[in-house]
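Let me begin by presenting the structure, written as structure tokens, before commenting on it.
In the numbering used here, the protein residues as written are 8 to 461.
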């Protein structure tokens with residue numbers, strides 16, 4: 008409520024251009040200006056307010072309390088709830104205006120009926136809730152979409168990889184994605200393409216992992232021999248070319264690709280005239296290319312041209328949070344696909360979350376589909392698992408054979424098992440202590456007790 012006040016001695020009625028309840032009083036409490044709608048809360052015309060004393064109006068019950076005396080007394084902005092003659096509750100704000108001597112010369116007040124404010128407040132709260140809900144639904148949809156495609160973003164390592172990919176997407180630089188088979192490299196490459204400036208161009212994938220080596224050059228560069236074949240570099244013009252398993256590319260073709268990337272042009276097999284290169288390259292590898300370079304198994308120049316940004320995807324055995332989401336996602340997906348309703352018992356859910364999953368997403372998807380299809384009951388249990396996935400479970404359950412074993416003995420067996428697992432996962436007793444939620448000296452004592460480790 009700033010910028011509208013015109014000095015009361017002015018003859019201009021700018022105050023009437025505002026569709027708000029505005030009243031100006033002098034230091035004696037007399038109303039000297041009032042906007043044309045200022046009397047609506049008090050069941051009185053604005054013209055009738057002019058020249059009236061706020062003290063008299065308060066005594067007559069037109070409103071209570073009067074804001075002017077409070078501002079004059081406190082010499083600062085005052086906000087109160089005022090009751091009017093019609094029984095309305097009004098939120099009124101009074102502000103002092105000073106003369107050159109530093110004394111309050113006028114008090115300007117403006118008011119809103121509380122019901123109006125409550126409507127606005129409720130609307131804003133409702134709008135805020137809808138925005139939060141929409142944001143949550145969009146986030147959930149994004150997670151579900153990524154999970155269906157084989158990429159989840161629950162674990163910290165995957166969040167880092169995903170954010171790196173999203174930040175790199177608009178930069179149009181070459182990217183290398185490393186990770187074991189089935190960790191979501193292809194999915195992440197597609198995410199990068201969809202969020203890049205080339206999203207309206209083609210996304211072309213060439214799989215060096217499965218393609219016969221003799222076809223590499225012709226598939227990549229094209230051919231103009233007896234029958235013209237369009238190469239993938241041409242098909243990907245203006246878009247993204249995903250080199251899956253780039254570490255499988257022979258060294259002589261690595262050298263040729265390196266030269267092409269430097270010159271930004273290439274020549275199809277058997278052709279005389281070069282073609283312009285306009286693609287973004289995203290490469291993937293199951294091995295760390297830096298190690299391959301050090302072993303002379305990968306062309307160094309090509310490595311530096313491809314590896315502008317490196318993203319590493321961890322295997323599922325190191326991403327328990329992602330495994331949980333994938334299990335739930337594919338349980339629902341296959342239940343819907345086969346028009347059934349399946350649930351996981353607590354024991355099998357816990358077991359699935361802690362499997363190694365050497366085949367990563369592909370293996371997990373296969374197991375979840377088999378469980379949904381083969382389980383005779385609505386609730387899927389450990390017994391529904393294929394035999395090869397029950398071995399570790401049976402070994403773990405043997406700890407809990409009660410016959411001839413006391414509770415302390417059983418608890419010691421469990422503690423020993425947990426310590427063995429921690430030893431495999433962590434390098435130091437400090438890391439073990441942090442993971443287990445106990446002190447480092449306690450870890451040392453228990454290792455000494457069970458395994459005679461000093």
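All C-beta atoms, glycine included, are put in the ideal place defined by N, C-alpha and C.
Check whether the Cβ atoms of residue 284 and residue 183 sit closer than 7 Å, and answer yes or no.
no
What does DSSP give as the partner residues of residue 449 in its beta bridges?
DSSP output for residue 449 lists no bridge partner at all.
Using a Cβ-Cβ cut-off of 6 Å (strictly less than) and excluding sequence neighbours within five positions of residue 56, which residues of its own chain qualify?
38, 41 and 46
Please check the pair residue 321 and residue 164, which I expect to be a contact at CB under 8 Å, by giving their CB distance rounded to whole angstroms.
5 Å
Within the region 351-392, note down every full alpha helix (DSSP H) run reaching 4 residues or more, in order along the chain.
353-360 and 367-381
Given a cut-off of 7 Å, decide if residue 319 and residue 247 are closer than it, judged by their beta-carbon atoms.
no
Can you pull the DSSP bridge partners for residue 87?
99
Thinking residue 250 and residue 290 are a contact (beta carbons under 8 Å), I'd like their distance in whole angstroms, please.
4 Å
Short of 7 Å in beta carbon distance, which residues of its chain neighbour residue 5, apart from the five on each side in sequence? Order them along the chain.
With the chain represented from 8 up to 461, any question about residue 5 goes unanswered, as that position is not in the structure.
Cα-Cα separation, residue 75 to residue 101:
7 Å
What are the boundary residues of the beta strand (DSSP E) that includes residue 210?
210-214
4 or more residues per run - each alpha helix (DSSP H) lying fully within the region 238-274:
239-242 and 258-270
What did DSSP end up calling residue 282 once you bin it into helix, strand or coil?
strand
Backbone CA spacing between residue 315 and residue 211 [nearest angstrom]
20 Å
With which residues is residue 319 paired in a DSSP beta bridge?
185
Residues that residue 310 bridges to, as DSSP identifies them
Note: residue 310 sits in no beta bridge, so no partner.
So what's residue 347 in DSSP terms, helix, strand or just coil?
coil
Looking at residue 92 and residue 109, is the spacing between their C-beta atoms short of 7 Å?
no
Residue 115 lies in the beta strand (DSSP E); which residues open and close that run?
111-120
For residue 205, which of 179, 383 and 447 has the nearest alpha-carbon?
179
Which residues mark the beginning and the end of the alpha helix (DSSP H) in which residue 164 is found?
163-175
Measure the C-alpha to C-alpha separation of residue 331 and residue 422 and round it to an integer number of angstroms.
25 Å
Determine the direct distance from the alpha carbon of residue 189 to that of residue 310, and round the result to whole angstroms.
23 Å
So what's residue 418 in DSSP terms, helix, strand or just coil?
helix
What would DSSP say about residue 33, mapped onto helix, strand or coil?
strand
Can you give the Cα-Cα distance for residue 381 and residue 347, rounded to whole angstroms?
12 Å
Have a look at the DSSP bridge pairing and note the partners of residue 288.
248
Let me know the secondary structure DSSP gives residue 425 once reduced to three states.
helix
For residue 40, which beta-bridge partners are listed by DSSP?
31
Report the option in 306, 361 and 386 whose CA atom is closest to the CA atom of residue 329.
361
Does the beta carbon of residue 427 sit closer than 7 Å to a beta carbon anywhere in chain B?
No chain B is present in this structure, which holds just one protein chain.
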